[in-house]
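Working notes, beginning with the structure itself.
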Amino acid sequence: MSYHYSPSRNAFYPSSMKSEYMRAGTWPDDAVVATEEEWREYGAKRPPSGMQRGPDDHGRPGWVAIPDIPLDQLAKQKLSEIKAEANKALADIRRDYPQFEIDTWGDQEREAHAWAADNSVETPTLSGIAAERGVTVAELATKVITKANIYRPMATAVIGKRHRLENVIKAAQEAEDREGIEAVVW
């Protein structure tokens, strides 16, 4: 089978289907007959690492370096990676709790500390949970404070690391330092 190559579309077309492409108005104006060797090398093979098919200076197919993604896109990609890693870092702890419960952690901790300071304060969140669990507000407040004291250092370490890495990425982006952005890893 023979092929044509279009440098503008960077694609091979089966020569046997030229009439169908012509009828459809999709045959490229710059299509040139490709050699069997060009088809085998650039049409049928996977490109070498870091390369992609593209036209050479004479409009023939060849391997060309994959261009760098724009710096702002690279920075966005790295920021997304850092956010995903931060989420993953705390996922093991959070996976044991439904999101609606996690959403009450701040309320639970505030009420637990308030109750520990003055056991006459209203604790609607803790009181509701304690009643359904069959424990006292005192027992629940102690557990909430203990768990919060364990979770907080882990969470704040992850938050701090995420902030630091985001700042490194943003500084490297402002300095147009591609290698600085690429070097950032969790």
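Under my numbering, the first residue of the sequence shown carries the number -12, and numbering increases by one thereafter. Beta carbons are placed, not taken as given, at the ideal position from N, Cα and C, and that holds for glycine.
query: Glu169 to Gln160 span [Cα, whole Å]; result: 10 angstroms
query: Nearest-angstrom Cα separation, counted from Ala76 out to Lys63; result: 20 angstroms
query: Contact under 7 angstroms by Cβ, Val171 with Val155; result: yes
query: 8 angstroms contact criterion, which Ala128 and Trp102 should meet: CB distance rounded; result: 5 angstroms
query: Contiguous alpha helix (DSSP H) assignments of at least 4 residues, all confined to the region 75 to 161; result: 86 to 89, 92 to 104, 111 to 120 and 124 to 161
query: Anticipated Cβ contact below 8 angstroms, Arg(-4) with Pro15, distance rounded; result: 5 angstroms
query: Alpha-carbon to alpha-carbon, Ala52 and Tyr(-8); result: 19 angstroms
query: Inter-stretch contact (C-beta, 8 angstroms, three-pair minimum) for the region 44 to 51 and the region 16 to 32; result: yes
query: Exposure label - Phe(-1); buried when at least 16 CB within 10 Å; result: buried
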